[in-house]
Amino acid sequence: MSMKPTTIAMLSIHSSPIGELGTRDTGGMSVYVRELAREMGSMGHQVDIFTHAWRDDASTVVVLAPRVRLVLLGISHSGPHSKAGLYAHADNHAAAIERFRRHQARTYDLIHSHYWLSGHVGRLLKKRWQRPHAITFHTLGAAKAETGVGAVEPTLRLAVEKELVLACDGLLAPCEGEKTNLMHYYGADAAKIAMVPGGVDLKRFRPMQKGPARRRLGLVSHGRLLLSIGRLTPQKGQDRIIEALPRIETENRPHLMVVGGNGDGDPERRRLQNIAAAAGVQEWVTFCGSVAHRDLPVYYAAADVFVQASHYESFGLVGLEALACGRPVVSTPVGLMAVLSRSQRPGIVVADGSPAELAAGILTAAARTADWPAPVIRQTATAFRWSDAASAALTAYRAAMQAEAAS
Ligand code: UDP
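Once you know that position 198 of the sequence shown is 201 in my numbering, the rest is easy, because the numbers rise by one and skip nothing.
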């Protein structure tokens with residue numbers, strides 16, 4: 004459904020949509036913000052995305068696409084370069100955005116915040132501008148805390164998320180699991196929640212032949228290849244994949260490529276390397292570091308099976324990219340993979356992600372690759388275009404505008 008041109012202030016404060024993907028705080032949210040904005044721009048809407056620039060000179064503007072601008076907020080800041088540090092600067096962010104708006108003589112029809120830190124700035128702007136406020140959390144502190152894995156979630160985050168859920172005008176959830184989480188943990192009103200899934204660039208992520216892909220990556224001597232892509236964090240469960248390897252006898256054991264992370268000095272990479280060494284499989288694992296999004300299709304193509312062992316995902320773009328590239332996915336029941344029906348899901352969903360279960364899933368998927376031709380696998384992903392995601396987000400904006408007008 005078309006919508007009259009809308010001017011959107013999109014807040015992506017802690018993570019830049021043009022940051023290096025796969026590093027600590029830059030992943031799916033950056034792709035989501037960039038692609039959604041680009042699609043909205045192509046539909047005639049104006050989108051200004053605001054992000055923290057980690058420098059204290061004046062704000063600068065980068066044109067990302069027709070009608071889409073990225074505003075790098077240069078604010079003077081002291082204190083730690085951390086999420087907590089950013090929270091303390093919410094007033095400064097809101098003031099810098101207001102200065103930019105005035106300088107540009109712009110009025111925004113709606114604020115769309117991404118992640119709780121942006122949500123906190125968004126609520127200040129909502130108050131100042133009297134405009135509707137929609138939020139995509141990307142992950143929820145309470146759901147993350149429930150897994151008991153990784154750093155302890157600050158109680159501040161949980162408290163702010165709860166306040167935001169209740170005070171905002173619309174919530175965008177990427178899949179059913181996250182809608183349930185919003186209601187269960189924070190008492191969200193179901194009527195406020197719109198389903199806005201992630202997407203995949205079907206032109207970029209498409210099936211390619213395995214042989215040439217392996218040659219390009221210098222992997223011709225490897226037998227079976229297993230691929231994991233994601234930020235290196237305990238929540239992603241890469242340790243469980245590594246621990247699955249010794250459970251597969253050597254003649255069937257795949258080589259694991261781990262893409263993502265901050266490079267050689269990354270403490271999580273060192274932790275994973277130690278786990279591989281302790282399990283006696285270090286020569287079966289290659290850490291590739293982060294790889295540019297545009298270079299990833301060749302990695303997916305080189306793999307026999309894609310594996311995702313996350314403890315929690317609100318959506319999980321990598322699984323969708325693997326499907327678009329025609330590769331089967333072995334996954335824990337998280338995000339999109341948990342909601343795809345069996346017939347839509349070429350691959351295996353393992354119940355608990357234990358190394359033993361993952362090993363069995365990997366072996367089954369590897370043995371069944373002949374049942375899953377790449378074009379059939381790709382078919383699943385074609386239902387998730389960024390243009391559809393943008394249309395769904397615009398519908399959610401309309402609902403948020405109506406809710407705000409009625410309040
Ligand atoms: N990604 C990338 N290079 C890397 C690692 C990840 O381009 O080295 C991209 C990946 O292709 C996907 C996104 O970052 O598009 C990660 O999104 P996902 O939803 O899987 O995880 P999140 O980062 O949101 O937890």
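Backbone N, C-alpha and C fix where the C-beta goes; we use that ideal spot for every residue, glycine too.
Answer yes or no: the CB of glycine 31 versus the heavy atoms of the ligand UDP, is any distance below 6 Å? As a first step, residue 31 is located in the sequence shown; it is residue number 28 there, counting from the start. For the ligand UDP, a non-hydrogen atom lies closer than 6 Å to the CB of glycine 31.
Rounded Cβ spacing between leucine 343 and threonine 383 (contact assumed at less than 8 Å): One-based indexing of the sequence shown puts residue 343 at position 340. One-based indexing of the sequence shown puts residue 383 at position 380. Contact holds; Cβ gap of about 7 Å.
Return yes when at least one heavy atom of the ligand UDP lies under 6 Å from the C-beta of valine 379, else no. Counting from one through the sequence shown, the residue named residue 379 turns up at place 376. Every heavy atom of the ligand UDP is 6 Å or more from the Cβ of valine 379, so no.
For aspartate 298, count neighbouring C-beta atoms within 10 Å of its own C-beta (all shown protein chains included) and say buried if the count is 16 or more, exposed if not. Position 295 of the sequence shown holds residue 298. Result: exposed.
Please tell me whether leucine 24 and histidine 296 are closer than 7 Å, where the distance is taken between their beta carbons. Along the sequence shown, one-based indexing puts residue 24 at 21. Along the sequence shown, one-based indexing puts residue 296 at 293. Contact annotation: leucine 24 and histidine 296 have beta-carbon atoms nearer than 7 Å.
Compute every distance between the C-beta of serine 138 and the non-hydrogen atoms of the ligand UDP, then say whether any falls below 6 Å. If you number the sequence shown from 1, residue 138 lands on position 135. Note that residue 138 is isoleucine in the sequence shown, not serine. Every heavy atom of the ligand UDP is 6 Å or more from the Cβ of isoleucine 138, so no.
According to DSSP, what are the bridge partners of threonine 289? Within the sequence shown, residue 289 is the residue found at index 286, counting from 1. Threonine 289 is bridged to Met260.
Report all residues from its chain with a CB closer than 8 Å to the CB of alanine 97; omit the five preceding and five following residues, and keep chain order. Counting from one through the sequence shown, the residue named residue 97 turns up at place 94. Counting only Cβ-Cβ distances below 8 Å, and skipping sequence neighbours, we find Val124, Leu127, Leu128, Arg131.
Does the region 109-121 touch the region 9-23, meaning 3 or more C-beta pairs lie closer than 8 Å? yes
Extent of the continuous alpha helix (DSSP H) run through isoleucine 176: Locating residue 176 in the sequence shown gives position 173, where the first residue counts as 1. For the sequence presented, residue 176 should be read as alanine rather than isoleucine. Looking at the DSSP string, alanine 176 is not in any alpha helix (DSSP H); the run it does join, the beta strand (DSSP E), is 173-176.
Can you tell me which residues form a DSSP beta bridge with phenylalanine 309? The residue you call residue 309 lines up with position 306 of the sequence shown. Leu230, Val332, per the DSSP bridge assignment.
Shortest alpha-carbon distance to alanine 396 belongs to which of Ala154, Ala145, Leu175? On the sequence shown, residue 396 is found 393 positions in, with the first residue counted as 1. It is Leu175.
Contact between the region 325-332 and the region 158-172 (3+ Cβ pairs under 8 Å): no
With burial defined as no fewer than 16 other Cβ atoms inside 10 Å of the residue's Cβ, what is the status of lysine 206: buried or exposed? Here the question's residue 206 lines up with position 203 in the sequence shown. Exposed.
Can the beta-carbon of valine 163 be found less than 7 Å from the beta-carbon of leucine 323? The sequence position of residue 163 within the sequence shown is 160, counting from 1. The sequence position of residue 323 within the sequence shown is 320, counting from 1. Not closer than 7 Å, so no.
Enclosing alpha helix (DSSP H) for threonine 158 [first to last residue]: As a working note, residue 158 is residue 155 in the sequence shown. Run containing threonine 158: 158-170, per the alpha helix (DSSP H) assignment.
Leucine 125 by DSSP, collapsed to three states: which one? Within the sequence shown, numbered from 1, the residue matching residue 125 stands at position 122. Sequence inspection shows glycine at residue 125; the leucine mentioned does not correspond to that position. Helix at glycine 125.
Could you check which residue in Pro349, Ser293, Ser62 has the C-alpha nearest to that of aspartate 267? Mapped onto the sequence shown, residue 267 falls at position 264. Among Pro349, Ser293, Ser62, the Cα nearest to that of aspartate 267 is on Ser293.
When you measure from the CB of leucine 320 to every non-hydrogen atom of the ligand SAH, does any distance come out below 6 Å? The ligand SAH is absent from the structure shown, which contains only the ligand UDP.
Three-state secondary structure (DSSP) of histidine 136: For the purposes of this step, residue 136 is taken as residue 133 along the sequence shown, with counting starting at 1. Histidine 136 falls in the strand class under three-state DSSP.
Leaving out five residues on either side along the sequence, give the residues of the same chain with a beta carbon under 6 Å from the beta carbon of phenylalanine 208. In the sequence shown, the residue the question calls residue 208 occupies position 205. The residues are Pro300, Glu324, Ala327, Cys328.
Is the region 247-260 touching the region 348-368 in the sense that three or more CB pairs, one from each, lie closer than 8 Å? yes
Taking its Cβ as the centre, do 16 or more other Cβ atoms sit within 10 Å of valine 223, making it buried, or is it exposed? If you number the sequence shown from 1, residue 223 lands on position 220. Valine 223 is exposed by the Cβ-count criterion.
Distance between beta carbons of valine 337 and valine 353, contact taken as under 8 Å: The residue given as residue 353 occupies position 350 in the sequence shown. The residue given as residue 337 occupies position 334 in the sequence shown. Not confirmed; about 11 Å, so no contact.
Going by alpha carbons, who is nearest to glutamine 405 out of Ala137, Phe318, Ser357, Thr236? Translated into positions along the sequence shown, residue 405 becomes position 402. Looking at the Cα atoms, Ala137 is the closest of the given residues.
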